[in-house]
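Everything below concerns the one structure shown next.
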Amino acid sequence: MSTFGGIVSEFPEIRTNFAVKLMVSSVYCSAATREILLRLERYPCRLNYAKGLLEARQQTYKHLSSLLKPIPLETPTTLELAPNLELQVTLFDANHCPGAVMFLIERNDTAILYTGDIRSEPWFVNSISRHPVLIEYTSGIRTLDKIYLDTSFTKDVPFQTKSQGISELLRKVALYPADTVFYFQAWTYGYEEVWLALSKALKSPIHVDEYKMRIYASLSSKIGDHRFASLAGYMCGNARHPGCLTVHESVRLHSCEKGNLCSVADQPNVVKIQPIVAHLVDGTDIAEVGIGGGGNDFQRDAELGALSPKDIQTLQELYDSILPHHIMQKTGQVDDSFFKSLLQSMTPGRDMPLGLTMDLFGDQLTTSINKLNSMLAHKRSSSSGVTTPTATRLPRVIHFPYARHSSYEELCHLVDAFKPRDVWPCTENAEHWWRKGYSIASYFGDFCSGADFTYDKMVQATYPDPPPQDKEDRPDTQTSVQVSEDAEEPPSLSPAHRLLTESSGPKDRGDELPGPPSKRARGEADDQDESQRSLASHITDTDSAIRWGVYNRTVDRLYEGDWGSLPLLSTTDHHSNTEQEL
Numbered sequence: 087m088s089t090f091g092g093i094v095s096e097f098p099e100i101r102t103n104f105a106v107k108l109m110v111s112s113v114y115c116s117a118a119t120r121e122i123l124l125r126l127e128r129y130p131c132r133l134n135y136a137k138g139l140l141e142a143r144q145q146t147y148k149h150l151s152s153l154l155k156p157i158p159l160e161t162p163t164t165l166e167l168a169p170n171l172e173l174q175v176t177l178f179d180a181n182h183c184p185g186a187v188m189f190l191i192e193r194n195d196t197a198i199l200y201t202g203d204i205r206s207e208p209w210f211v212n213s214i215s216r217h218p219v220l221i222e223y224t225s226g227i228r229t230l231d232k233i234y235l236d237t238s239f240t241k242d243v244p245f246q247t248k249s250q251g252i253s254e255l256l257r258k259v260a261l262y263p264a265d266t267v268f269y270f271q272a273w274t275y276g277y278e279e280v281w282l283a284l285s286k287a288l289k290s291p292i293h294v295d296e297y298k299m300r301i302y303a304s305l306s307s308k309i310g311d312h313r314f315a316s317l318a319g320y321m322c323g324n325a326r327h328p329g330c331l332t333v334h335e336s337v338r339l340h341s342c343e344k345g346n347l348c349s350v351a352d353q354p355n356v357v358k359i360q361p362i363v364a365h366l367v368d369g370t371d372i373a374e375v376g377i378g379g380g381g382n383d384f385q386r387d388a389e390l391g392a393l394s395p396k397d398i399q400t401l402q403e404l405y406d407s408i409l410p411h412h413i414m415q416k417t418g419q420v421d422d423s424f425f426k427s428l429l430q431s432m433t434p435g436r437d438m439p440l441g442l443t444m445d446l447f448g449d450q451l452t453t454s455i456n457k458l459n460s461m462l463a464h465k466r467s468s469s470s471g472v473t474t475p476t477a478t479r480l481p482r483v484i485h486f487p488y489a490r491h492s493s494y495e496e497l498c499h500l501v502d503a504f505k506p507r508d509v510w511p512c513t514e515n516a517e518h519w520w521r522k523g524y525s526i527a528s529y530f531g532d533f534c535s536g537a538d539f540t541y542d543k544m545v546q547a548t549y550p551d552p553p554p555q556d557k558e559d560r561p562d563t564q565t566s567v568q569v570s571e572d573a574e575e576p577p578s579l580s581p582a583h584r585l586l587t588e589s590s591g592p593k594d595r596g597d598e599l600p601g602p603p604s605k606r607a608r609g610e611a612d613d614q615d616e617s618q619r620s621l622a623s624h625i626t627d628t629d630s631a632i633r634w635g636v637y638n639r640t641v642d643r644l645y646e647g648d649w650g651s652l653p654l655l656s657t658t659d660h661h662s663n664t665e666q667e668l
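Oh and the sequence shown: position 2 is 88 in my numbering, straight run, nothing missing.
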């Protein structure tokens with residue numbers, strides 16, 4: 087999931103990919119995104135301590151119908167943002183999920199590419215490199231000022247392509263008897279090609295719940311994309327031709343809602359099909375745990391909104407109450423690794439899925455807070471993503487590699503195709519990068535035409551002191567099947583305080599480093615020798631870095647009391663330096 091705040095310094099009058107409450111007149115997106123969003127259902131919850139209840143409410147986005155303005159793909163479109171203020175936008179499919187697109191944004195001599203969530207497989211990069219709208223950038227005639235890049239994965243491990251993953255899956259399911267029933271655990275968008283391949287190979291439709299069918303039927307009928315016609319069907323003259331999806335239960339393949347399985351998919355002898363990110367050379371797998379967002383788009387589960395300190399303390403107490411006593415007696419300390427990873431899964435401005443399906447809430451959309459106990463216990467017992475070799479008999483769970491985000495190698499291929507001046511990571515944690523010594527220069531510097539990287543400047547401005555030396559460079563926690571990232575903590579901090587502090591900022595999403603050898607960012611921030619300008623008309627990269635740095639510093643000190651020195655957000659750095667005492 088993107089941790090990008092949505093502010094594009096090259097075009098300060100727009101915002102990208104961030105769910106904030108803004109007074110806007112238009113939201114530009116793909117046609118598929120509009121149809122999906124208008125039919126999306128959410129159930130945000132609040133903790134009612136007085137009654138001991140979790141209270142949910144149904145949330146839809148139908149009221150945004152007049153704001154959502156679809157733009158056709160691969161069509162340069164001029165948007166008038168204000169009188170005498172225009173820019174040109176072109177959308178490209180991002181090979182991630184229905185509606186996911188890249189944005190090429192241009193005005194005069196300024197141009198950026200915002201990738202959003204993307205899977206830049208080799209065929210994909212080769213395809214966009216020769217696209218007539220992009221060829222001037224890939225051939226060196228023009229240069230992108232910046233690529234805002236999906237950095238969900240930056241560990242240097244290769245991923246199998248989607249086609250390789252589907253081929254592996256089809257070979258595995260072919261080994262099972264002809265009467266075997268399969269359940270494919272598709273909890274989010276992006277697995278439509280897997281559905282189609284399975285349906286054709288096994289000569290069976292795929293049962294889905296009515297919620298999914300409504301969404302895909304709207305994509306087929308409203309925007310007429312051939313990819314969705316193969317899923318939900320289409321009309322040819324007066325004849326109705328069905329797609330590979332069905333609402334009828336008497337089939338071999340199922341992908342219905344996990345919280346409300348049909349009677350066929352709920353049988354104990356059903357073989358589950360579960361995607362993973364990749365097979366590693368050592369025989370282990372990288373588990374798919376909703377990296378990069380969309381972790382529960384298909385599941386109408388309860389979600390907890392923005393957490394207050396009291397909410398986090400309550401969750402901590404609930405979690406502690408289910409810990410086996412022998413763990414504390416044996417180690418002398420609370421094992422809070424799972425709860426820590428649970429809180430780290432939250433991103434500012436977004437909700438945290440609770441894993442409680444809406445059938446537990448009843449007609450009044452309420453349930454006991456104690457239901458969280460069972461959820462946490464279940465999560466704890468199943469949080470390990472380690473996959474083990476199968477026995478000689480056919481396994482009850484089939485894993486196959488199918489990453490929806492790019493590997494580091496694929497990201498390098500994409501950046502190298504454009505050779506932009508700069509790259510900004512859209513899935514990152516500035517403090518984590520500072521502690522580990524990671525930088526844009528070390529990751530993508532060799533593939534850029536420039537050597538001045540704004541993100542590296544921001545990290546240096548926010549954390550000017552050298553990072554503390556870690557005892558060991560442990561792998562990051564987000565997607566590897568062995569998950570552990572133990573930070574050095576003062577013994578005086580309680581687990582709740584520690585977790586509260588660590589979960590407040592935008593956290594990493596996706597498997598991360600160590601990757602290439604880390605380097606320090608090259609150079610310091612440019613000297614600010616320009617006269618005072620109007621911030622509304624132009625925001626420099628340094629201005630953007632100051633704002634981002636203030637945000638991170640504010641989050642870091644929110645619960646520590648010592649705020650230190652914060653630059654003023656209302657200036658362009660003319661009053662950001664500490665005033666000397668007379």
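We put the CB at the ideal spot given by N, CA and C, even for glycine.
None of the values given here were measured: they were computed from a predicted structure.
Could you tell me the distance, in whole angstroms, from the CA atom of residue i to the CA atom of residue j?
{"i": "Ile372", "j": "Pro552", "result": "32 Å"}
{"i": "Val367", "j": "Ser493", "result": "15 Å"}
{"i": "Cys330", "j": "Leu284", "result": "9 Å"}
{"i": "Asn346", "j": "Ser151", "result": "29 Å"}
{"i": "Leu497", "j": "Phe530", "result": "9 Å"}
{"i": "His365", "j": "Trp209", "result": "20 Å"}
{"i": "Pro354", "j": "His485", "result": "18 Å"}
{"i": "Ile191", "j": "Pro169", "result": "18 Å"}
{"i": "Ser206", "j": "Ile214", "result": "10 Å"}
{"i": "Cys512", "j": "Ile526", "result": "12 Å"}
{"i": "Ser321", "j": "Thr370", "result": "For clarity, residue 321 is Met in the given sequence; the question names Ser instead. Their Cα atoms are separated by approximately 46 Å."}
{"i": "Pro244", "j": "Glu495", "result": "7 Å"}
{"i": "Gly226", "j": "Arg193", "result": "18 Å"}
{"i": "Cys534", "j": "Glu172", "result": "28 Å"}
{"i": "Asp311", "j": "Pro184", "result": "10 Å"}
{"i": "Lys344", "j": "Ala272", "result": "9 Å"}
{"i": "Leu154", "j": "Pro218", "result": "27 Å"}
{"i": "Lys505", "j": "Ser316", "result": "37 Å"}
{"i": "Arg479", "j": "Ala264", "result": "16 Å"}
{"i": "Leu126", "j": "Met299", "result": "12 Å"}
{"i": "Glu222", "j": "Met188", "result": "17 Å"}
Which whole-angstrom value describes the C-beta separation of residue i and residue j, a residue pair presumed to lie in contact below a C-beta threshold of 8 Å?
{"i": "Glu669", "j": "Tyr549", "result": "Absent from the model: residue 669. The displayed extent of the chain is 87 to 668, so no value can be given."}
{"i": "Pro48", "j": "Gln246", "result": "In the structure as shown, the chain starts at 87 and stops at 668, and residue 48 therefore has no counterpart that could be examined."}
{"i": "Ala118", "j": "Leu305", "result": "6 Å"}
{"i": "Ile233", "j": "Thr266", "result": "Incorrect: roughly 45 Å between the Cβ atoms, too far for contact."}
{"i": "Ser112", "j": "Leu159", "result": "In fact, because the Cβ distance is near 18 Å, the residues do not count as touching under 8 Å."}
{"i": "Val259", "j": "Leu288", "result": "7 Å"}
{"i": "Tyr262", "j": "Val357", "result": "6 Å"}
{"i": "Val211", "j": "His499", "result": "5 Å"}
{"i": "Ile301", "j": "Ile122", "result": "6 Å"}
{"i": "Glu278", "j": "Arg313", "result": "7 Å"}
Residue i and residue j: beta carbons closer than 9 Å?
{"i": "Arg507", "j": "Gly536", "result": "yes"}
{"i": "Ile359", "j": "Tyr269", "result": "yes"}
{"i": "Tyr524", "j": "Thr240", "result": "yes"}
{"i": "Gln145", "j": "Arg120", "result": "no"}
{"i": "Ser290", "j": "Arg216", "result": "no"}
{"i": "Ala503", "j": "Thr164", "result": "no"}
{"i": "Leu220", "j": "Phe178", "result": "yes"}
{"i": "Asp182", "j": "Gly276", "result": "The sequence shown places His at residue 182, not Asp. Yes, the pair counts as a contact, with Cβ atoms nearer than the cut-off."}
{"i": "Ile204", "j": "Asp236", "result": "yes"}
{"i": "Tyr114", "j": "Pro156", "result": "yes"}
{"i": "Ser307", "j": "Ala318", "result": "yes"}
{"i": "Val280", "j": "Pro361", "result": "yes"}
{"i": "Tyr541", "j": "Val509", "result": "yes"}
Tell me which residues share the same chain as residue i and place their Cβ nearer than 7 Å to its Cβ, disregarding the 5 neighbours each side in the sequence.
{"i": "Cys342", "result": "His293, Val294, Asp295, Cys348, Ala351"}
{"i": "Glu96", "result": "Thr196, Ile198, Asp231, Lys232"}
{"i": "Trp520", "result": "Val545, Tyr549, Pro553"}
{"i": "Pro475", "result": "For Pro475, the predicted structure reports a pLDDT of 44, less than 50, and the residue's modelled location is therefore unreliable. A value from the coordinates is still provided. Cβ within range, chain order: n/a, list empty."}
{"i": "Ala186", "result": "Ala180, Gly202, Asp203"}
Output needed for residue i: all residues of its chain with C-beta closer than 6 Å, excluding positions within five of it in sequence on either side, in chain order.
{"i": "Ser253", "result": "none"}
Considering only residues of the same chain and omitting the five flanking positions on each side of residue i, which have a CB-CB separation below 8 Å?
{"i": "Phe539", "result": "Asp508, Val509, Ser525, Ile526, Ala527, Gly531, Ala607, Arg608"}
{"i": "Lys148", "result": "Leu124"}
**Q.** Runs of beta strand (DSSP E) wholly within the stretch 198-262 (minimum 3 residues, chain order)
**A.** Every beta strand (DSSP E) of 3 residues or more that sits fully in the stretch 198-262 is shown, in chain order, as 232-235.
Q) Enumerated in chain order, which unbroken segments of the beta strand (DSSP E) with a length of 3 residues or greater are wholly contained in the stretch 312-343? A) Within the stretch 312-343, the complete beta strand (DSSP E) runs of at least 3 residues are 320-322, 325-327.
Q: May I have a chain-ordered list of the beta strand (DSSP E) segments no shorter than 3 residues that lie completely inside the stretch 151-189?
A: Whole beta strand (DSSP E) segments, 3+ residues: 154-156, 163-168, 171-179.
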